[in-house]
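Below: the structure, in structure tokens.
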Amino acid sequence: MGTMFISANDWPHIAFRLTLALLVGCIIGFNRQKGGRPAGMRTFMLVSMGAALFVMIPLQAEGDSPYAATNALSRTIQGVATGVGFLGAGLILQESPSKSEMPKVRGLTTAASVWIAAGLGAAIGCGLWQMALLAVLLTLITLSGVKRLNRALKTFAPQGNSGTTQGLTMTSDDDDDGD
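Residues in the sequence shown are numbered from 1 upward in steps of one, following our numbering.
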């Protein structure tokens, strides 16, 4: 098995991508941590940077053909998305306060946020940092702005703004935005 070397010209690009992925994860993690959610800045930073690192490996270790590198990158991105999906599934909780009440699902937004952090890291790792920065902005608008919109709409909606799906209650109140 051969040893791979990284060109001196590649180091600044590698450092930029990994650092930006770390910062992007920090921004989203801070948003979740300040709301007291189960996954905080460190988790999001590691997920985002890890995703960037994983997708950069096949980019650095190009095969004999461009097809081999593209195929390896595609499989790596699929693996990251699947692996982080399992991590997100661990953040989703189902609780039932009493036997008479329907179970409540919590952690969906945090799980989705971890998943998007991995996607952002993967995009940055591929060199698509402009797209990732736009996606960070849209993610923050979604996490903060939509929550405010929900609160504003509740003032006009009838009391008991919750839906029931297949025996589960999905709540959306000021303290717990369904997360």
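Even for Gly, the Cβ is constructed at its ideal location relative to N, Cα and C.
With a Cβ-Cβ cutoff of 8 angstroms, do residue i and residue j count as a contact?
i, j, result
"residue 55", "residue 122", "yes"
"residue 127", "residue 17", "yes"
"residue 57", "residue 44", "no"
"residue 52", "residue 145", "no"
"residue 31", "residue 133", "no"
In this structure, does DSSP put residue i in helix, strand or coil?
i, result
"residue 91", "coil"
"residue 8", "coil"
"residue 128", "coil"
"residue 156", "coil"
"residue 48", "helix"
"residue 85", "helix"
"residue 98", "coil"
Short of 8 angstroms in beta carbon distance, which residues of its chain neighbour residue i, apart from the five on each side in sequence? Order them along the chain.
i, result
"residue 38", "91, 107 and 110"
"residue 136", "24, 27, 28 and 120"
"residue 1", "Summary for residue 1: the model assigns pLDDT 45, below 50, so the residue's position carries little reliability; its value from the coordinates is reported in the next sentence. Same-chain partners within the cutoff: there are none."
"residue 10", "60"
Among the options, whose alpha-carbon lies nearest the alpha-carbon of residue i?
i, options, result
"residue 94", "104, 87, 88 and 52", "104"
"residue 72", "84, 59 and 81", "59"
"residue 114", "6, 87, 7 and 15", "87"
"residue 258", "117, 150 and 156", "Residue numbering for the chain in the displayed model covers 1 to 179; residue 258 lies beyond these limits and cannot be assessed."
Sorted by chain position, which residues of the same chain lie with C-beta nearer than 6 angstroms to residue i's C-beta, five sequence neighbours on each side aside?
i, result
"residue 22", "45 and 49"
According to DSSP, what are the bridge partners of residue i?
i, result
"residue 106", "93"
Only counting the same chain, and skipping five residues up and downstream in sequence, which positions put a Cβ closer than 7 angstroms to that of residue i?
i, result
"residue 173", "A caution first: residue 173 carries a pLDDT of 34, below 50, which makes its placement in the model too unreliable to give a value."
"residue 77", "55 and 122"
Is there a Cβ of chain B sitting closer than 8 angstroms to that of residue i, yes or no?
i, result
"residue 107", "Considering every chain present, this structure includes no chain B. It has just one protein chain."
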